[in-house]
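A quick write-up on the structure given underneath.
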Amino acid sequence: MTEITLVQAVNRGLAEAMRQDPDVLLLGEDIGVNGGVFRATEGLLKEFGAERVIDTPLSETGIVGTAIGMALYGLKPIVEIQFLDFIYPAFDQIVSELSKFRYRSGGQYPCHVVVRAPYGGGVKGGLYHSQSTEAYFAHTAGLKVAIPSTPADAKGLLLTAVHDEDPVIFLEPKRIYRSVTGEVPEGDHRVPFGVARLVREGSDVSLFAYGAMVPPAVEAAETLENEGISAEVIDLRTLVPLDEAAVVASVEKTGRAVIVHEAARTCGFGAELAAVLAEKAFYSLRAPIARVTGYDTPFPYALEQVYLPGAERIAHAVRAVVRAA
Amino acid sequence: MTEITLVQAVNRGLAEAMRQDPDVLLLGEDIGVNGGVFRATEGLLKEFGAERVIDTPLSETGIVGTAIGMALYGLKPIVEIQFLDFIYPAFDQIVSELSKFRYRSGGQYPCHVVVRAPYGGGVKGGLYHSQSTEAYFAHTAGLKVAIPSTPADAKGLLLTAVHDEDPVIFLEPKRIYRSVTGEVPEGDHRVPFGVARLVREGSDVSLFAYGAMVPPAVEAAETLENEGISAEVIDLRTLVPLDEAAVVASVEKTGRAVIVHEAARTCGFGAELAAVLAEKAFYSLRAPIARVTGYDTPFPYALEQVYLPGAERIAHAVRAVVRAA
Amino acid sequence: MTRATAVRRGAAEVTAPPAPPSNERRLEAYRWMVLARVTDERCLSLQRQGRIGFYAPLSGQEAAQVGCALALRPEDWVFPAYREMAVALVRGASLTEIFDQLIGNARDRIKGRQMPNHFGFRAQNFVVASSPIGTQISQAVGAAMAAQRRRDPIVTVAFFGDGATSSNDFHAGLNFAGVFRTPTVFFCQNNQWAISLPRERQTRSATLAEKAEAYGFPGVVVDGFDLNAVYGAVTEARRRATSGEGPTLIEAQVYRFGPHSTSDDPRRYRTDAQLEAARQQDPVVRLKNELTAAGKLDEALDEKVWASAKEQVAHALEEAESAPPIDPRTVFDDVFAERTPRLEEERRAYDSDPAAGGGR
Amino acid sequence: MTRATAVRRGAAEVTAPPAPPSNERRLEAYRWMVLARVTDERCLSLQRQGRIGFYAPLSGQEAAQVGCALALRPEDWVFPAYREMAVALVRGASLTEIFDQLIGNARDRIKGRQMPNHFGFRAQNFVVASSPIGTQISQAVGAAMAAQRRRDPIVTVAFFGDGATSSNDFHAGLNFAGVFRTPTVFFCQNNQWAISLPRERQTRSATLAEKAEAYGFPGVVVDGFDLNAVYGAVTEARRRATSGEGPTLIEAQVYRFGPHSTSDDPRRYRTDAQLEAARQQDPVVRLKNELTAAGKLDEALDEKVWASAKEQVAHALEEAESAPPIDPRTVFDDVFAERTPRLEEERRAYDSDPAAGGGR
Ligand SMILES: Cc1ncc(C[n+]2csc(CCOP(=O)(O)OP(=O)(O)O)c2C)c(N)n1
Ligand SMILES: Cc1ncc(C[n+]2csc(CCOP(=O)(O)OP(=O)(O)O)c2C)c(N)n1
Ligand SMILES: [Mg+2]
Ligand SMILES: [Mg+2]
């Protein structure tokens with residue numbers, strides 16, 4: 141196996157899924173002849189043809205609405221939203237329809253669509269090419285939410301998503317699309333949902349992260365090691381379903397938690413994690429739970445490095461939590 | 141002063157705002173000749189005319205989009221979304237535009253729209269006339285979120301919203317539109333944002349609620365009083381800005397927290413409250429933080445009473461928390 | 006008699022509509038229309054009695070719904086709004102199933118999950134309705150794209166109202182249908198009202214049908230009180246769709262005789278005179294007169310038709326009302342194919358102390 | 006020469022376009038177009054050098070933008086997309102202000118908040134652009150409704166591309182404009198591409214302009230390479246709007262000569278031959294030839310025009326590049342009129358240890 145990038149792994153995952161099952165097809169803007177603005181669908185039009193790699197008009201409403209109709213009919217559409225920031229015209233279809241079809245039909249109409257979207261900051265994309273709004277989807281009953289942070293997980297979680305029977309919001313951390321590389325198994329490689337990844341063991345504090353925040357969390361842990369602080373790093377991989385057992389067990393061991401995400405703090409997914417810990421790991425907690433997050437502002441352009449959590453900010457929070465108890 | 145209902149108080153608040161300022165106008169579906177499906181705008185067409193009480197085509201996208209344009213131009217539009225469940229066609233305008241105009245223009249274009257929407261369950265409305273998705277808006281930087289639970293607050297918070305300079309999502313708990321009555325001051329009555337309401341003092345546990353969950357929280361507190369448990373009840377009134385000081389101070393006093401909302405648990409606003417407490421009231425907490433919430437399912441029709449938190453479920457959670465420590 | 010009018014010539018010609026349905030077919034249609042009318046009236050009174058929680062009547066739209074449904078085939082897919090009870094009946098949902106849903110009992114196909122009128126019958130390719138206006142339109146287009154891919158010679162039909170033409174999904178759905186030339190019939194029942202908003206304030210175009218032209222395919226106005234016209238227009242649209250000629254938008258002009266729903270008071274926004282004028286065109290009476298003129302119906306048979314409808318309704322209602330209520334623990338099912346750990350936890354909490362699990 | 010063509014007769018007649026602009030006005034237009042062209046080319050190279058982060062060129066669309074902008078009045082409100090740099094210039098934003106934004110320096114009117122090209126100039130009634138496609142369209146309609154209410158005799162202009170005609174806000178905005186007869190000019194620059202999607206796969210209607218008819222008002226196609234035609238069409242649309250005759254949709258047919266943006270490689274989806282054919286219609290060359298034929302321009306003057314443009318660009322760039330960078334703490338400003346306690350807390354945390362506040 142050679143090392144490939146995260147976006148290449150997405151590409152291989154898509155190709156694998158399409159080879160496995162003729163019912164799998166792709167819909168999105170600029171995904172065909174252009175190969176996707178990030179090249180995630182490069183080469184797929186050529187291999188699978190225009191009936192299965194469908195360049196659509198500029199309407200996310202239409203993309204997700206038609207994908208839902210296809211899924212009801214029995215196909216397995218994978219949708220690309222060009223940037224997560226542009227998913228909102230489809231929000232009604234996602235939260236009112238996609239997430240609720242199985243439930244509202246009493247199980248008669250499952251609706252299995254995979255919605256892929258590059259997300260997150262760090263690419264000088266400003267307000268509308270940087271946002272991390274995973275919490276909207278995690279809060280919506282009926283949606284699963286997967287976020288890889290390595291090439292192997294990108295392919296493995298994507299194939300699990302395609303084989304799942306439920307709608308999946310699949311968020312790709314575009315900042316590390318090319319900067320993170322790794323070996324990726326060939327063929328039908330799958331990574332189960334609801335199983336967090338232990339990135340690094342530690343005993344003094346648990347660092348929870350996902351997506352593009354995993355590398356700075358690891359970097360912070362390495363820095364802290366030199367200071368005599370042993371930080372465990374856990375990559376959640378899926379927010380829904382959440383591997384609560386792993387999250388709770390880690391804090392039972394370390395007694396301290398620092399949660400990292402790019403999204404704005406208020407009502408971000410870190411709030412949910414903190415709430416789980418404050419309920420279920422309460423007696424193990426030795427220090428306040430810290431959140432290292434994006435600020436409660438829109439995502440800025442010139443100052444994105446001020447906005448984004450990085451290794452230093454994470455390490456700073458860990459030190460405070462360790463000092464506390 | 142005579143007692144009026146919550147929806148009447150909304151109506152009086154609207155009338156007061158429109159009398160005060162000719163720039164205030166209303167947009168929405170069926171708000172004119174029909175007076176609103178809940179009669180919140182009853183009589184306003186007659187008093188203020190069709191230029192200021194505008195029945196629109198069936199498009200929430202258009203309603204919020206045009207309201208934004210009006211606000212940019214200098215008017216003060218108040219929008220009615222017929223049910224919060226139908227706000228999603230306008231979600232793009234709300235999260236991409238309304239919430240970000242001031243920021244993205246460097247302060248050149250403030251954009252002050254008040255978006256009113258009846259929300260919540262308990263009226264046999266099923267999946268699409270019952271939802272509580274306040275967390276979506278609280279997570280969106282740039283939006284304020286106000287939720288009254290009494291007629292006086294309904295008018296007072298609404299007038300504050302209209303006089304604010306920022307966009308406000310104003311959620312009206314329709315379940316108690318008519319069941320809760322109270323005295324409401326005449327004239328320019330305002331209730332400030334960011335100041336929680338102490339509904340009931342207590343010393344053993346703090347109950348946090350808002351909207352239609354305040355009455356069952358109070359009912360639970362009364363039941364518990366007979367069992368020797370003294371529960372403080374705090375009505376948050378505004379989720380953004382949040383009265384963190386009051387929330388933290390209450391738990392510093394009681395040492396225990398139970399958070400109540402109708403919305404699904406995962407990433408609901410209760411998660412944010414728990415996170416705030418686990419960070420800032422950590423050393424005062426004597427027991428795990430409990431959340432009493434709607435389930436992580438879509439909102440059901442026939443079984444809505446199973447879904448909705450009520451006084452018994454709240455009391456049950458409080459007992460467990462008090463037993464714990 | 007058949008008055009399907011091509012409003013504009015878009016991407017394709019609208020050819021002359023086919024011959025009207027046979028007398029037998031029209032008598033069948035009449036039976037359905039009477040059954041729908043009787044059910045409708047019964048439901049309004051059931052709601053007043055508190056035996057069902059809500060109802061949205063279709064009275065005035067019987068010819069539109071039955072005429073359209075009869076022109077379809079079982080293998081076609083229907084994407085309804087919330088007012089298409091008669092379509093469900095014609096497609097084979099039983100009256101008892103209808104009442105099961107209106108009541109939300111243990112037998113309800115959708116397990117009591119939704120308000121009355123939000124039917125879904127997989128066996129009848131009648132996709133479950135939702136309340137948000139318009140969302141089914143783009144979904145119907147997607148299902149048609151799927152049928153194209155599978156080479157299934159079917160059509161998908163999106164039902165919606167005049168109000169829904171302002172929705173995002175109308176625009177997106179019709180645009181995709183035009184671009185991908187999908188086998189879709191867009192069946193708009195223009196009943197002149199979106200709750201209290203009259204048609205002429207919904208949009209400034211002269212007809213709704215002409216909006217199809219913006220998407221490069223034809224739109225047709227039909228008199229929706231006229232069963233034959235509706236049947237003809239849908240038959241032709243279906244033919245076009247299955248022969249690869251693409252989608253058609255049909256505007257069936259009708260009138261909503263009743264309130265928008267049992268929560269609505271139409272006297273707030275329309276006059277009795279207006280309503281009475283519309284009632285002159287009652288589609289049930291009109292078809293009755295036609296059948297009588299054709300010698301297919303007399304008073305005796307007509308009485309039988311009505312009596313049979315009433316009996317069917319009484320029987321179905323009794324059956325539905327005697328079914329047990331829904332099991333509370335089903336609230337946790339069907340969120341996902343399998344319950345997540347969190348849903349298991351919530352269900353266990355409810356199970357361990359049901360008294361504390363509910364909203365009391 | 007002027008070729009504003011009424012495609013359809015909607016709610017109102019499109020009268021014959023007025024006389025072309027005076028020679029003086031056309032020379033002025035030419036100066037703006039040259040300035041836009043020079044700026045555009047400079048920006049592409051600045052991006053390659055890493056001196057600005059991103060750029061979306063407008064080359065090919067100069068006549069459309071300048072022709073439209075010149076037909077407006079200062080008190081009109083412009084709702085741009087992200088490609089309307091020439092419109093901002095004509096309306097009075099200085100080149101230095103443009104570069105301030107492209108760089109995101111301390112003087113940038115929008116405080117470095119957005120990607121390059123997302124201009125906003127309150128003093129010029131040039132509403133700040135955003136990236137989501139189409140959202141400005143319904144906003145422009147709302148501002149027009151506000152102007153109606155205030156009895157201000159102005160128009161609002163929404164700028165958007167061919168791709169944006171598929172957006173939700175196109176449908177909602179044009180529908181509201183029709184219903185409320187707002188003084189709005191919908192100015193669609195059909196540059197034949199939405200990134201890689203060609204116009205004919207965006208929608209199946211023959212023209213984009215005819216979509217106006219679905220909303221009950223007229224749509225007009227103009228040759229967007231022809232300054233006179235654009236100027237004429239916008240002048241007429243403005244007249245209609247301010248005389249209470251309602252909105253107009255103008256489709257200016259142009260071609261995007263450059264890439265969609267500096268992130269785009271158009272060779273992936275279009276041929277050189279296609280591009281070369283379009284370039285034959287270069288609007289700058291065309292106007293130059295017209296002015297030369299009219300005796301208003303000779304080579305000497307033309308050289309001066311280009312030299313002056315280059316000098317202006319060099320000067321503005323130097324000014325903008327010498328401005329200080331933006332203060333990091335401004336990141337917490339303008340979320341609300343006043344910072345909430347939470348924003349104060351976040352700002353304090355950043356202040357207390359800036360080293361730990363950033364993303365390093
Ligand atoms: C997106 C959305 N907005 C608002 C509503 C509330 N609402 C329910 S029905 C209705 C009117 C629908 O009118 P029309 O499409 O003509 O259908 P009809 O009821 O006349 O059959 C409205 C506004 C809704 N269900 N969905
Ligand atoms: C809602 C939304 N979806 C997708 C995008 C990504 N995107 C940016 S520009 C563009 C094409 C726009 O085409 P058009 O409207 O013709 O304008 P042009 O760029 O040609 O001027 C797309 C798809 C976006 N900005 N917004
Ligand atoms: Mg209607
Ligand atoms: Mg374009």
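Protein chains in written order, with the numbering used here: chain A, 141 to 465; chain B, 141 to 465; chain C, 6 to 365; chain D, 6 to 365.
Glycine included, each C-beta is placed from N, C-alpha and C at the ideal position.
Look at the segment 249-272 of chain A: the residues with a C-beta under 8 Å from a C-beta of chain B are Leu-267, Tyr-268. Here Thr-201/B is near Asn-173/D, since their CB atoms are less than 7 Å apart. Between Gly-410/A and Arg-431/A, the C-beta spacing is below 7 Å. Among the residues facing chain D, Ser-199/A is included, as its CB has a counterpart in that chain under 7 Å away.
For the pair Ala-278/A and Thr-433/B, the CB atoms are not nearer than the 7 Å cut-off. In terms of CA proximity to Lys-116/C, Asp-338/C leads the group Ala-342/C, Glu-350/C, Asp-338/C. Looking at the DSSP output, Ala-199/D bridges to Leu-202/D. Three or more Cβ pairs closer than 8 Å define a contact, and the segment 218-230 of chain A falls short of that threshold against the segment 240-253 of chain B.
Straight-line spacing of the CA atoms in Ser-313/C and Pro-121/C works out to 24 Å. Ligand 2 never approaches Asp-232/A closely enough for any of its heavy atoms to be under 6 Å from the residue's Cβ. Short note on Glu-169/B: C-beta closer than 6 Å to some heavy atom of ligand 1.
When rounded, the separation of the alpha-carbon atoms in Leu-443/B and Gln-106/C is 14 Å.
For a Cβ distance threshold of 8 Å, residue set Ile-200, Ser-201, Arg-273, Tyr-274 of chain D lies close to Asn-174/A, ordered along the chain. When secondary structure is reduced to three states using DSSP, Cys-407/B falls in the coil class, being assigned neither helix nor strand.
Between Val-146/D and Val-160/D, the alpha-carbon positions lie close to 10 Å from each other.
Within chain D, the residues placing a beta-carbon under 7 Å from that of Ala-281/B are Val-340, ordered along the chain. Exclusion of the five residues before and after Leu-267/A leaves Pro-438, Phe-439 as the residues of its chain whose Cβ lies within less than 6 Å of its Cβ. Just so you know, the alpha carbons of Glu-304/D and Lys-293/D end up roughly 10 Å apart.
Considered as a whole, the segment 52-98 of chain D harbours 67-75, 90-95 as its complete alpha helix (DSSP H) runs of no fewer than 4 residues, in chain order. The Cβ atoms of Ala-427/A and Ala-464/A sit closer than 7 Å to each other. Ser-199/A counts as buried, since no fewer than 16 other beta carbons sit within 10 angstroms of its beta carbon.
In the three-state DSSP reduction, Ser-313/D falls in the helix class (H, G or I). Per DSSP, Gln-148/B is one residue of the alpha helix (DSSP H) stretching across 146-160. Only residues of its own chain outside the window of five on either side were considered, and among them Asp-344, Val-345, Ile-369, Arg-396, Ala-427 have a CB closer than 8 Å to the CB of Val-462/A, listed in chain order. For Phe-188/A, the secondary structure class from DSSP, reduced to helix, strand or coil, is helix. For ligand 4, no non-hydrogen atom lies closer than 6 Å to the CB of Asn-130/C. For the set Arg-112/D, Asn-196/D, Gly-224/D, Ile-108/D, the Cα lying nearest the Cα of Gly-58/D is the one of Ile-108/D. Within 9 Å of the CB of Ser-268/D, the CB atoms of chain A belong to Val-177, in sequence order along the chain. The beta carbon of Leu-443/B falls within 7 Å of a beta carbon belonging to chain C, placing the residue at that interface.
Residue-level contact check: Arg-344/C does not touch chain B, since none of the beta carbons of chain B fall below 7 Å from its beta carbon. For the segment 216-228 of chain C, the beta-carbon criterion of a distance under 8 Å to any beta-carbon of chain D is satisfied by Lys-216, Glu-218, Ala-219, Tyr-220, Gly-221, Phe-222. Residue state for Leu-165/B is assigned as strand, using DSSP reduced to three classes. Taking 6 Å as the cut-off, one finds no heavy atom of ligand 4 near enough to the beta carbon of Asp-157/C. Within the segment 351-403 of chain A, the runs of alpha helix (DSSP H) that reach at least 4 residues and sit entirely inside it are, in chain order, 354-366, 384-394. In this structure, Thr-253/C places its C-beta atom within 7 Å of the C-beta atom of Val-190/C.
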